[in-house]
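Remarks on the structure that follows.
In our numbering, the protein residues as written are 1 to 78.
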């Protein structure tokens with residue numbers, strides 16, 4: 001399942017969980033994540049650990065329940 005055009009996919013869009021720590025939203029993100037050096041590791045909707053593939057040109061993250069999102073999708077939203 002790919003992200004809809006114009007919106008990030010559920011795994012990294014605003015949700016209940018922090019995509020970098022897996023804790024409830026509102027907890028501080030690690031410094032590397034704030035600097036944009038880390039891909040998301042947890043699904044924002046369910047807090048499950050995602051399968052993350054880091055490539056030379058970006059990353060791809062996939063939640064078993066909510067589909068996948070690519071760094072190209074995230075860059076388009078900036």
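Built from N, CA and C at the ideal position, the CB exists for glycine as well.
Same chain, Cβ closer than 7 angstroms to residue i, five either side skipped, listed in chain order
{"i": "residue 53", "result": "59 and 60"}
{"i": "residue 33", "result": "20"}
Backbone CA spacing between residue i and residue j [nearest angstrom]
{"i": "residue 50", "j": "residue 19", "result": "9 angstroms"}
{"i": "residue 46", "j": "residue 16", "result": "7 angstroms"}
{"i": "residue 69", "j": "residue 56", "result": "16 angstroms"}
{"i": "residue 62", "j": "residue 36", "result": "18 angstroms"}
Chain-order list of residues whose beta-carbon lies under 6 angstroms from that of residue i (same chain, five-residue window excluded)
{"i": "residue 75", "result": "none"}
{"i": "residue 71", "result": "58 and 59"}
Sequence-distant residues of its chain with Cβ nearer than 8 angstroms to residue i (five each side left out)
{"i": "residue 42", "result": "17, 18, 19, 20, 21, 22, 48, 49 and 50"}
Candidates the options, of which the one nearest residue i by Cα
{"i": "residue 24", "options": "44, 69, 34 and 31", "result": "44"}
Beta-carbon proximity check, residue i vs residue j, cutoff 8 angstroms
{"i": "residue 30", "j": "residue 38", "result": "yes"}
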